[in-house]
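A.B. asks:
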Amino acid sequence: QSCVKAEVRVCSCLFLQVFDLRQCHRQMQQQAATAQAAAAAQAAAVAGNIPGPGSVGGIAPAVSLSAAAGIGVDDLRRLCILRLSFVKGWGPDYPRQSIKHTPCWVEVHLHRALQLLDEVLHTMPLADPGPAN
1 QSCVKAEVRV
11 CSCLFLQVFD
21 LRQCHRQMQQ
31 QAATAQAAAA
41 AQAAAVAGNI
51 PGPGSVGGIA
61 PAVSLSAAAG
71 IGVDDLRRLC
81 ILRLSFVKGW
91 GPDYPRQSIK
101 HTPCWVEVHL
111 HRALQLLDEV
121 LHTMPLADPG
131 PAN
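Going by the UniProt record's numbering, the first residue of the sequence shown is number 1, and it counts up by one from there.
(1) Which whole-angstrom value describes the C-beta separation of residue 21 and residue 112, a residue pair presumed to lie in contact below a C-beta threshold of 8 Å?
(2) Would you check if there are 3 or more beta carbon pairs closer than 8 Å linking the region 39 to 46 to the region 81 to 94?
(3) Between which two residues does the beta strand (DSSP E) containing residue 16 stretch?
(4) Measuring only the C-alpha atoms, how far is residue 32 from residue 101?
(5) Beta strand (DSSP E) containing residue 82: first to last residue?
(6) For residue 25, report the span of its alpha helix (DSSP H) as first-last.
(7) Identify the residues that DSSP records as bridge partners of residue 105: which are they?
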């Protein structure tokens, strides 16, 4: 589930919540934890340290988590950005597939959401670098 609510046409008399900070924060924490777990599983698989019935030489569990390991800081940062189009619509139901093809749009960077992302990233434990030689 996304932090940003569905695309909707808005008239001047309508109030509409388009962003939920709490939901965004939970999603950041969940995605960051999933990515970190996937990276740890891949490192363990490479080292051959994943036992269990689902593993084939330690590779199968890492393969199942490989998509999560592809989550990066930029993916999490995108949760903190709203793009708003004026006048023209865009998306799968419109001729314009991207907001960048509309004549008038703005991008809003949500500072509190970015602050929370910074906190999430700083509270993640660092990967164990192993013993120094």
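C-beta atoms are modelled at their ideal positions from N, C-alpha and C, and glycine is treated no differently.
Nothing here was measured: the structure is a model prediction, and the numbers come from that model.
C.D. replies: According to the data block:
(1) To locate residue 21, count along the sequence shown from 1; it is residue 21. To locate residue 112, count along the sequence shown from 1; it is residue 112. Yes, residue 21 and residue 112 are in contact; Cβ-Cβ is about 6 Å, under 8 Å.
(2) no
(3) Sequence index remark: in the sequence shown, residue 16 carries index 16 (1-based). First-last for residue 16: undefined, no H or E at that position.
(4) Counting from 1 along the sequence shown, the entry for residue 32 is found at position 32. Counting from 1 along the sequence shown, the entry for residue 101 is found at position 101. Distance between the alpha carbons of residue 32 and residue 101 is about 31 Å.
(5) Taking the first residue of the sequence shown as 1, we reach residue 82 at position 82. From DSSP, the beta strand (DSSP E) with residue 82 extends over 81 to 85.
(6) Against the sequence shown, residue 25 aligns to sequence position 25. Bounds of the alpha helix (DSSP H) holding residue 25 are 21 to 47.
(7) On the sequence shown, residue 105 is found 105 positions in, with the first residue counted as 1. DSSP lists 85 as partners of residue 105.
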